[in-house]
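Residue 1 is where the sequence shown starts when you use the UniProt record's numbering, and the numbers rise one by one after that. Here a beta-carbon is modelled for each residue, glycine too, at the ideal position from N, C-alpha and C. Bear in mind the structure is a predicted one, so any value in this text is a computation, not a measurement. These notes are about the structure you will find just below.
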Amino acid sequence: MKYFDISTIRAAIEHLQHYSANWLLPAFVFAANDVGTEELVDMSKKRGTDQFLDRYFHGDLLDLPRLAKGNSLLRPRLQGVTWDRGDFADDYIIQQDTKMWGNLFSSRGYREMRLKGYIGGEKNLTILTDTFQDKFEEMIPDSFRFEYFLIWLYAFRGFPDEISSWQDLYDFFLSNELHLQEFKEAYRSRFCINIQPVDWPELLTERPSNEDLLNSLAPKLVSFIAGATTEAVPSQVTNSLISSDDPVFAEVLGAIDAGESYSFLLTGPPGTGKTRYARQLANKLTEGDESQTLFMQFHPAIGYDDFVEGFRPGKSDDGKGIRYDLAPRLFLRFAQDAARNPEKKFVAVIDELNRGDVARIFGEVLTYLEVDYRDVEFTLPFSGDKAKLPSNLILICTANPYDRSVTDLDDALLRRFWVIEVEPNEAALRLHLQEQGVDVGVINRTAQAFNIFNASFPNGFGHSNFLKVRSIEDLSSVWSGRVRLPLRRAFIHDTPQFNAVADSIEALLRTSGDAEGDALREQEV
1 MKYFDISTIR AAIEHLQHYS ANWLLPAFVF AANDVGTEEL VDMSKKRGTD QFLDRYFHGD
61 LLDLPRLAKG NSLLRPRLQG VTWDRGDFAD DYIIQQDTKM WGNLFSSRGY REMRLKGYIG
121 GEKNLTILTD TFQDKFEEMI PDSFRFEYFL IWLYAFRGFP DEISSWQDLY DFFLSNELHL
181 QEFKEAYRSR FCINIQPVDW PELLTERPSN EDLLNSLAPK LVSFIAGATT EAVPSQVTNS
241 LISSDDPVFA EVLGAIDAGE SYSFLLTGPP GTGKTRYARQ LANKLTEGDE SQTLFMQFHP
301 AIGYDDFVEG FRPGKSDDGK GIRYDLAPRL FLRFAQDAAR NPEKKFVAVI DELNRGDVAR
361 IFGEVLTYLE VDYRDVEFTL PFSGDKAKLP SNLILICTAN PYDRSVTDLD DALLRRFWVI
421 EVEPNEAALR LHLQEQGVDV GVINRTAQAF NIFNASFPNG FGHSNFLKVR SIEDLSSVWS
481 GRVRLPLRRA FIHDTPQFNA VADSIEALLR TSGDAEGDAL REQEV
């Protein structure tokens, strides 16, 4: 194996510090995930962000202890990087108690890219727009040398002995780590080996020690660690249908780790996948352990005696009669299980929260969902027993806030929850149909119908209604079987408006032929 020496790494960081972190890192992630201008890419199903970038931007590379929240983001000194633990301005590298997702997908730079129209899609679903390349080249000018970025990517890892040039290392990186033949054209002007290349440096056959690397690159960080008592926190690897880079999972886990909330409410109109999301989140948080999950759906017949504590019939002592015993019920028993296993996460999923009388079902327990009241003992009014909701008890609920339900989602209820809106998502619909091999003309007409419905229904219309569309005939069935009657009810007092929408859908379903297909292709995202 060969390694870069410390002086080469320092020189690389001195070059990189002149370039915007808010453009260099997102663009690198897009390039590595093969995002281009042709079609949407679900990065969470490819390399994503956290799991991919941990290979190059993690304190474990130098055996740094994890910080208070268990994170250890390691970055070179880049333009726009904030040193948030004291004055480390002279250090070449920075360690931060956060995850790369929080610095990329929630970052000012990423949001600005989306708001200014340089990228399209929703969250992890990404596509470049035609304006991306010009702005990328403005923010990362032609003085940038990708060779120096390669040095950072391999700064603390070796590469094979046979690599003896920048071209060799570039080709090795693309083929062996990214499994790409070449970056997309939008990045190639900057993410390439330059015509006037950087000199190939003298290499080492033995890696510098972590101690030498840290003392040379981050002396103030070393001093800080020497005076700190932070214990290492082991990383967790979980298997789930949902990716660690999923934006909703990242938001939920971030709120839990920060102690900001242990109760979450997924809201949105029907057909947006709230229930499926809730189950996947529970599976991910519990690492698939069914003994740590509770699933239930609220409805008007459920009461406090089903949920917290209540009387249940049983045989009398003599076996000849019936007696009624007061006992903990579903949620309270689950909370007791969680309290006995504080090192694990227990997740209760309540579907259709507002279909039940929430105040009556939860009773006094509703107050103790709040962060400030977790692990605080309270008295149950019927039995007089003591109870508490431990902080490892996570509540994930779903609700359609526009439904005529038993419980209104008023402020008193909402303040107990961290609310995550799950909205109709055209990008998710397009990508799903694209992955299923649906013809582009059918995809475009389905998306066009989806947008018409969302413009027509007062609170939107969920994309999951269209996931099984494979042909125009399927789209016609969705219209007649799922949409037409709810739309008629939505416009019950406005027949002309209903007829206008219905006519536009019928016209969309009737159109056919190459000319129509070409016209729709021009509208594709």
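Taking 8 Å as the limit between beta carbons, can you name the residues of its chain near residue i, skipping five residues before and five after?
i, result
"P424", "G268, P269, G271, T272, F450, N454, G460, F461, G462, H463"
"L62", "L74, F156, N210, L213, L214"
"D130", "T37"
"L294", "L330, F331, F334, F346, V347, A348, V349"
"K386", "E377, F378, T379, L380"
"L475", "V442, R445, T446, A449, F466, V469, L509"
"D375", "K388, L389, P390, S391"
"L150", "W166, L169, Y170, F173"
Can you give me the Cβ contacts of residue i inside the same chain, cut-off strictly under 7 Å, excluding the 5 residues immediately before and after it?
i, result
"E137", "S189, R190"
"T367", "Y373"
"M296", "L330, I350"
"V478", "N465, F466, V469"
"D245", "M43, S44, G48, T49, D50, Q51, W101, N124"
"Y19", "L78, Q79, I140, F144"
"V237", "Unreliable placement is indicated for V237, whose pLDDT of 34 sits below 50; no coordinate value is reported for it."
"D90", "K220"
What residues are listed by DSSP as bridge partners for residue i?
i, result
"Y324", "P313"
"K386", "T379"
"D410", "Answer is none; D410 lacks a bridge partner."
"Q448", "Answer by DSSP bridge pairing: none, since Q448 is not bridged."
"D126", "Residue 126 is actually Thr in this sequence, not Asp. Answer by DSSP bridge pairing, in chain order: V41."
"I396", "F264, V349"
"F159", "K2"
"H58", "L73"
"S20", "Q79"
Label residue i either buried or exposed according to how many other C-beta atoms from any shown protein chain fall within 10 Å of its C-beta, with 16 as the threshold for buried.
i, result
"F382", "exposed"
"F311", "exposed"
"R510", "exposed"
"M1", "exposed"
"K99", "buried"
"Q436", "exposed"
"R355", "buried"
"A12", "buried"
"Y118", "buried"
"T229", "Residue placement at T229 cannot be trusted, given a pLDDT of 46 that sits under 50; what the coordinates show is reported in the next sentence. The residue is exposed, with fewer than 16 neighbouring Cβ atoms inside 10 Å."
"Q181", "exposed"
"R415", "exposed"
"Y324", "exposed"
"L115", "exposed"
"S480", "exposed"
"F249", "buried"
"N400", "buried"
"Y340", "Inspection of the sequence shows that residue 340 is occupied by Arg rather than by Tyr. Classification of R340: exposed, given that the 10 Å Cβ count is below 16."
Using the three-state DSSP reduction, which class does residue i fall into: helix, strand or coil?
i, result
"S72", "coil"
"R521", "Caution is warranted here: a pLDDT of 31 is assigned to R521, below 50, making its placement in the model unreliable, and the coordinate value is therefore given only provisionally. Helix."
"T495", "helix"
"W200", "coil"
"I151", "helix"
"V233", "Its pLDDT being 36, under 50, V233 is placed unreliably in this model, and the value from its coordinates should be taken loosely. In the structure shown, V233 sits in coil (DSSP, three-state: anything other than H, G, I, E or B)."
"A490", "helix"
"V365", "helix"
"G120", "strand"
"H15", "helix"
"H179", "coil"
"Q95", "strand"
"L332", "helix"
"K135", "helix"
"V41", "strand"
"M296", "strand"
"E421", "strand"
"T238", "Confidence in T238 is poor, its pLDDT being 37 and thus under 50, which makes the residue's placement unreliable; the coordinate value appears in the next sentence. Coil, per DSSP."
"Q79", "strand"
"D246", "coil"
"V358", "helix"
"T8", "helix"
"L174", "helix"
Given residue i, which residues of its chain have a CB within under 6 Å of its CB, disregarding the five upstream and five downstream residues?
i, result
"N239", "Its pLDDT being 41, under 50, N239 is placed unreliably by the model, and the measurement read from it follows with that caveat. Closer than 6 Å at the Cβ level, and outside the excluded window around N239, lies no residue."
"residue 526", "The structure shown does not extend to residue 526, since the chain is modelled only from 1 to 525, so the question has no answer here."
"M113", "I119"
"L153", "Y56"
"D306", "R329"
"L393", "A335, A338, F346"
* Is there contact between the segment 32-44 and the segment 196-203, where contact requires at least three CB pairs shorter than 8 Å? -> no
* the segment 377-394 in contact with the segment 295-312 per 3-pair CB rule at 8 Å -> yes
* Taking contact to mean at least 3 C-beta pairs separated by less than 8 Å, is the segment 411-425 in contact with the segment 282-301? -> no
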